[in-house]
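Working notes for the structure below.
Numbering (this note's numbering), first residue to last: 361 to 819.
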């Protein structure tokens with residue numbers, strides 16, 4: 361049993377006798393290998409991807425060494441390169457997988473086709489292929505993982521109603537998974553994001569009880585604590601859970617951001633900044649490029665909204681990172697955090713050029729979130745220069761569509777926090793109180809300077 365697991369891999373007990381028997385994965389789906397060692401390594405690699413632990417590439421390498429013709433192992437390895445941002449290696453592994461599809465099963469061909477679209481940046485086509493695939497093979501968890509969370513093909517679609525859309529997509533699949541720890545974490549978080557906390561809580565707890573080292577389970581629990589206003593529970597849980605997680609895990613930085621956000625809400629800026637330096641803005645950050653930028657820039661901006669002083673050196677370093685790693689727009693969650701960094705640095709020329717590039721994509725029909733991000737980007741700039749009336753005028757009309765920006769409710773709350781501070785800075789207290797009264801219960805009290813403690817979420 362691998363050290364990251366709390367449960368053994370559930371696979372049939374068959375021997376490596378080369379007799380041609382079809383082997384299955386942990387979800388009971390047939391695999392195109394007759395070599396038990398290849399199957400076991402592949403199952404381990406998939407579970408490492410599903411739990412966001414390092415080591416998946418090595419597991420897929422062992423599967424390929426045992427059976428070089430195992431197409432799904434090659435596509436699994438391609439996915440690890442995709443997540444690591446290694447485009448050349450991703451394409452090589454994809455090409456190998458595609459070369460092995462002659463005579464492949466319908467399931468293998470469909471599985472690989474979903475990833476082919478994803479790797480080509482064809483998000484709409486990938487989601488369409490995924491929907492078709494899971495209609496026939498609902499327990500293909502690796503394919504489903506591409507759309508099962510707020511950072512997936514539905515969550516980042518830029519379309520209105522995508523939060524409810526994710527629940528509507530996962531709900532019919534729930535009977536196929538029962539109390540599976542991986543599915544429970546994702547479905548629980550999706551329910552939490554639309555306010556169905558009573559339904560979310562037992563699913564997330566079951567996930568963690570079965571496999572406590574499931575990083576997506578921890579992620580779902582952090583979001584649930586945020587959405588229910590259980591800040592202190594979130595701090596206790598994350599301080600206890602994070603030491604279990606390998607620093608090389610793809611969610612290490614982001615989960616530390618969640619703890620940092622809880623610390624900020626508790627008024628513990630120094631604790632949050634330690635996490636900033638050591639984890640979510642660290643030089644050895646192992647997560648996605650956009651996560652380092654979004655987590656770091658949003659934490660700094662939120663700390664300033666809470667009344668803490670600006671650190672120009674930190675912002676300058678983030679600007680350098682954004683210019684090097686995200687030279688052009690195209691991914692909404694990253695794009696509005698790049699704009700946030702430009703606004704904080706006072707570089708309105710760079711921000712306007714960035715926004716205009718987004719608007720060109722909108723005109724070309726290549727930017728599903730539409731005008732939401734240009735509006736909020738210009739609002740950030742207006743807020744930064746002290747033009748609070750303009751910031752308010754830009755944010756208020758786009759608020760009903762803010763989910764189209766991408767990211768979780770916890771992430772998008774930064775926009776409402778900015779609006780709240782703009783109202784207070786402009787002396788428009790009644791509108792600030794109205795905004796608070798209309799916010800969802802739970803995370804209603806934002807850490808914004810100028811608010812009296814204990815302001816109720818609703819009248």
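Backbone N, C-alpha and C define an ideal beta-carbon position, used for all residues, glycine too.
The structure displayed is predicted, hence computed values, not measured ones.
Whole-number beta carbon distance between residue j and residue i, since they are thought to touch under 8 Å
{"i": "residue 647", "j": "residue 612", "result": "7 Å"}
{"i": "residue 539", "j": "residue 566", "result": "6 Å"}
{"i": "residue 402", "j": "residue 432", "result": "7 Å"}
{"i": "residue 472", "j": "residue 448", "result": "Contact doesn't hold; Cβ gap of about 19 Å is too wide."}
{"i": "residue 533", "j": "residue 474", "result": "Not really, about 15 Å apart at Cβ, beyond 8 Å."}
{"i": "residue 759", "j": "residue 780", "result": "Not quite, the Cβ-Cβ distance comes to about 12 Å (not below 8 Å), so this is no contact."}
{"i": "residue 587", "j": "residue 552", "result": "5 Å"}
{"i": "residue 412", "j": "residue 575", "result": "4 Å"}
{"i": "residue 550", "j": "residue 527", "result": "5 Å"}
{"i": "residue 417", "j": "residue 440", "result": "4 Å"}
{"i": "residue 729", "j": "residue 518", "result": "3 Å"}
{"i": "residue 827", "j": "residue 568", "result": "An answer regarding residue 827 cannot be provided, because it is not within the stretch 361 to 819 covered by the chain."}
{"i": "residue 767", "j": "residue 721", "result": "About 18 Å separates the two Cβ atoms, so there is no contact after all."}
Residues near residue i by beta carbon distance below 6 Å, same chain, minus five either side
{"i": "residue 543", "result": "537"}
{"i": "residue 507", "result": "490, 513, 514"}
{"i": "residue 670", "result": "664"}
{"i": "residue 805", "result": "none"}
{"i": "residue 819", "result": "Residue placement at residue 819 is flagged as unreliable, the pLDDT there being 31, under the threshold of 50; the coordinate-derived value follows with that caveat. The answer, listed in chain order, is 797."}
{"i": "residue 685", "result": "649"}
{"i": "residue 630", "result": "none"}
{"i": "residue 679", "result": "701, 705"}
{"i": "residue 420", "result": "405, 433, 436, 437"}
{"i": "residue 525", "result": "514"}
{"i": "residue 470", "result": "493"}
{"i": "residue 782", "result": "743, 748, 751, 752"}
{"i": "residue 548", "result": "560, 563, 564, 580"}
{"i": "residue 365", "result": "With a pLDDT of only 39 at residue 365, under the threshold of 50, the placement of this residue in the model should not be trusted; the figure read from the coordinates follows. No residues qualify anywhere along the chain."}
Residue i and residue j closer than 9 Å at C-beta
{"i": "residue 511", "j": "residue 693", "result": "yes"}
{"i": "residue 615", "j": "residue 579", "result": "yes"}
{"i": "residue 822", "j": "residue 423", "result": "No statement about residue 822 is possible, as the shown extent of the chain runs from 361 to 819 and does not include it."}
{"i": "residue 743", "j": "residue 703", "result": "yes"}
{"i": "residue 778", "j": "residue 661", "result": "yes"}
{"i": "residue 581", "j": "residue 564", "result": "yes"}
{"i": "residue 570", "j": "residue 541", "result": "yes"}
{"i": "residue 389", "j": "residue 499", "result": "yes"}
{"i": "residue 406", "j": "residue 486", "result": "no"}
{"i": "residue 718", "j": "residue 765", "result": "no"}
{"i": "residue 724", "j": "residue 698", "result": "no"}
{"i": "residue 521", "j": "residue 763", "result": "yes"}
{"i": "residue 476", "j": "residue 454", "result": "yes"}
{"i": "residue 467", "j": "residue 492", "result": "no"}
{"i": "residue 488", "j": "residue 516", "result": "no"}
{"i": "residue 803", "j": "residue 627", "result": "no"}
Nonlocal neighbours in the same chain, by C-beta distance under 8 Å from residue i, ignoring five residues either side
{"i": "residue 784", "result": "792, 808, 809, 810, 811"}
{"i": "residue 604", "result": "572, 573"}
{"i": "residue 375", "result": "With a pLDDT of only 37 at residue 375, under 50, the local geometry of the prediction cannot be trusted, and the value read off the model is given with reservation. Closer than 8 Å at Cβ, skipping near neighbours: 396."}
{"i": "residue 745", "result": "706, 708"}
{"i": "residue 379", "result": "Bear in mind that the predicted position of residue 379 carries a pLDDT of just 40, short of 50, making it unreliable; the figure below should be weighed with that in mind. Hits under 8 Å: 394."}
Contacting residues, own chain, Cβ-Cβ under 7 Å from residue i (five flanking each side not counted)
{"i": "residue 584", "result": "552, 557, 560, 561, 564"}
{"i": "residue 667", "result": "809"}
{"i": "residue 749", "result": "786"}
{"i": "residue 464", "result": "392, 431"}
{"i": "residue 373", "result": "Bear in mind that the predicted position of residue 373 carries a pLDDT of just 37, short of 50, making it too unreliable to give a figure here."}
{"i": "residue 301", "result": "Here the chain covers residues 361 to 819 and nothing more, so residue 301 does not appear."}
{"i": "residue 674", "result": "660"}
{"i": "residue 370", "result": "For residue 370, the predicted model reports a pLDDT of 40, less than 50, meaning its position is unreliable and no value from the coordinates is stated."}
{"i": "residue 452", "result": "none"}
{"i": "residue 731", "result": "722"}
Practice prompt. Determine, using beta-carbon pairs with one atom in the segment 594-611 and one in the segment 784-803, whether at least three such pairs fall under 8 Å.
Written response: no
Fill in: Touching by the beta-carbon criterion (3+ pairs, under 8 Å), the segment 382-397 and the segment 418-428
yes
Discussion item. Any contact between the segment 711-730 and the segment 746-756? By contact I mean 3 or more CB pairs, one from each, below 8 Å.
Written reply: no
Worksheet item: Do the segment 763-773 and the segment 737-748 meet, that is, are 3 or more Cβ pairs less than 8 Å apart?
Response: no
Discussion item. Restricting to runs no shorter than 4 residues, where is the alpha helix (DSSP H) found entirely within the segment 462-529?
Written reply: 466-479, 483-496, 501-504
Fill in: Whole alpha helix (DSSP H) elements within the segment 660-733, 4-residue minimum
672-685, 692-705, 708-723
Worksheet entry | Sequence ranges, alpha helix (DSSP H) only - wholly within the segment 727-802, length at least 4 | 732-744, 748-758, 769-785, 789-798
Item to complete: Within the segment 535-620, note down every full beta strand (DSSP E) run reaching 3 residues or more, in order along the chain.
Response: none
Worksheet item: Which ranges would you report for the beta strand (DSSP E) in the segment 370-454 if only whole runs of at least 3 residues count?
Response: none
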